[in-house]
Amino acid sequence: MELLYGPIKDYAWGSRSAIAELQGRPAPSDGPEAELWLGAHPGAPAAVDREGVRVSLADLLRAEPGHWLGAPVVDRFGTRLPFLLKVLAADAPLSLQAHPDAEQARAGHAADAVRTDGHRNYVDPYHKPELLVALSPFEALCGFRDPAVSAAALATFGVRELEPVVAALRAGPAGLRDAVELLLTWPRAECAGLLAAVRGSGVTGPDAELARDLATAYPGDPGALVALLLNRVRLAPGEGIWMPAGNMHAYLRGTGVEIMAASDNVLRGGLTPKHVDVPELLRVLRFEVLADPVVTPRAVAPGVVCWPVPVDDFALHRVTVDPEVPEVTLALTGPRVVLCCGGELVVDDGSGAVKLGPGRAAVGSAAGGPLVVTGAGHAYVATAGQR
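Sequential numbering from 1035 applies to the sequence shown in our numbering.
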């Protein structure tokens, strides 16, 4: 095992305390710290030390794919790490977004190669299913809720202009696409007035507060109303949400461990200053009701839980060692990344032991054996999934 040093993305919505405090650095930080990337994605690869020099994990994988990835992973995914592990810390809402499936990503990437306007939706040819597990209380919007509930929420504002949207939602799931399209294509010149009417309606309650908060953060953005069509999820630490292809979602606030297929394909519909492509988002969205987006952990061995997902790009385990379970062994194949989120741990896969404190990470290659974790604390272990 080797210590892994991940870059931190400074997106404006990031926290000035969460990642710094996790890593034991002074807080608040000088600027927002949104995501700690622990992988080999070309957008921000992590690094390891080689004789005092930081070397990109992506470069090491390219040089020795068989050693790092192993033949089964290379056969399935090529010479790239198929997963990306992150710590995500949100102090403000992220964009309304969805990710393409594998076929859409391949086709979209090929089509984007000839675009000349500088706005590429598909920066790579891979899908991007995601799992987020809360480290702190975490709020998110995830998947469409019962359209009847959404219709009632919008109707309470008493805004005449929203009546076509309410009527579409009252048609049930069949009307979801029409409702979303009506809102996201609302003439921008009229959006400020629409949201002002919603804010001035005097309606109270969680839905009204959410719409007002988002409209204040993003004036004139109809995404503030699209948010009311989604499930508002409040996760306790250890609970997760699964975001498959075509699932509209947005994180609101909180800190979590996120694992995904190694892609950066994001289709945005609003609540962001970044590039928005509503037609393409509408094309990939799945207009289905998601009754229960929360994924609870499943115990698989003493001191070990996982969050089952229906893809083989990645798997995520949480390991806890304490006086009752002083040692945990995971029989892993392929590459693995270990992130300590509390306590002091020692991780060893037979290639050499590494000590980890909170917010520190290690990486091991496919040449390593079973992962042995000792000490006192807990860690998240990312690997390629099993078929």
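For glycine and all other residues, C-beta sits at the position ideal for the given N, C-alpha and C. On a predicted model such as this, the values are computed, not experimentally measured, just so you know.
In the DSSP assignment, find the unbroken alpha helix (DSSP H) run with residue 1111 in it and report its ends.
Its alpha helix (DSSP H) spans residues 1105-1111.
Across which residues does DSSP place residue 1178 in a beta bridge pair?
Bridge partners of residue 1178: 1264, 1323.
Throw me the rounded Cβ distance for the residue 1370 and residue 1416 pair, which I believe falls under 8 Å.
That pair is a contact at about 7 Å.
Apart from the five residues on each side of it in sequence, which residues of its chain come closer than 7 Å, Cβ to Cβ, to residue 1161?
Answer for residue 1161: 1133, 1134, 1135, 1136, 1139, 1279, 1295, 1297, listed in chain order.
Could you give the uninterrupted runs of the beta strand (DSSP E) lying entirely in the segment 1201-1274, keeping only those of 3 residues or more?
The DSSP assignment places 1264-1269 as complete runs of the beta strand (DSSP E) inside the segment 1201-1274, in order along the chain (cut-off: 3 residues).
Cut-off 6 Å between Cβ atoms - residues of its own chain near residue 1285, not counting five sequence neighbours on either side
Excluding positions up to five away in sequence, the list reads 1124, 1128, 1174.
Using a threshold of 9 Å, state whether the C-beta atoms of residue 1102 and residue 1115 are closer than that.
Cβ atoms of residue 1102 and residue 1115: closer than 9 Å.
Per DSSP, cross-strand counterpart(s) of residue 1375:
Per DSSP, none; premise fails for residue 1375.
Nearest to residue 1261 by alpha carbon, out of 1234, 1245, 1268, 1104?
For residue 1261, the nearest C-alpha among the options comes from 1245.
Tell me the residue span of the alpha helix (DSSP H) that contains residue 1142.
Looking at the DSSP string, the run of the alpha helix (DSSP H) that includes residue 1142 is 1136-1146.
Best match in 1218, 1388, 1328, 1408 for proximity to residue 1358 [C-alpha to C-alpha]
If you compare the alpha carbons of 1218, 1388, 1328, 1408 with that of residue 1358, the shortest gap goes to 1408.
So who's on the other strand from residue 1351, going by DSSP bridges?
BP columns for residue 1351 point to 1340, 1415.
What did DSSP end up calling residue 1283 once you bin it into helix, strand or coil?
Assignment of residue 1283 by DSSP, reduced to helix, strand and coil, places it in the strand class.
Buried versus exposed call for residue 1308 [16 or more other C-beta atoms within 10 Å across all chains shown]:
With fewer than 16 other CB atoms across the displayed protein chains lying within 10 angstroms of its CB, residue 1308 is exposed.
Can you tell me the Cα-Cα spacing of residue 1066 and residue 1291, whole angstroms?
Here the alpha carbon of residue 1066 sits roughly 17 Å from the alpha carbon of residue 1291.
Tell me which residues share the same chain as residue 1333 and place their Cβ nearer than 8 Å to its Cβ, disregarding the 5 neighbours each side in the sequence.
Excluding residues within five positions, the ones whose Cβ falls inside 8 Å are 1339.
Residue closest to residue 1343, alpha-carbon to alpha-carbon, out of 1410, 1388, 1274, 1392
With distances taken between Cα atoms, residue 1343 lies closest to 1274.
Let me check understanding here. Comparing Cα to Cα, which of 1056, 1229, 1300 lies closest to residue 1312?
That would be 1300, whose Cα lies nearest to the Cα of residue 1312.
Out of 1388, 1403, 1394, which has the shortest C-alpha to C-alpha gap to residue 1363?
The residue with the shortest Cα to Cα distance from residue 1363 is 1403.
Find out if the Cβ-Cβ distance for the pair residue 1242, residue 1187 is shorter than 9 Å.
Yes.
Quick one: using the 10 Å Cβ neighbour count with 16 as the cut-off for buried, is residue 1158 buried or exposed?
Residue 1158 is buried by the Cβ-count criterion.
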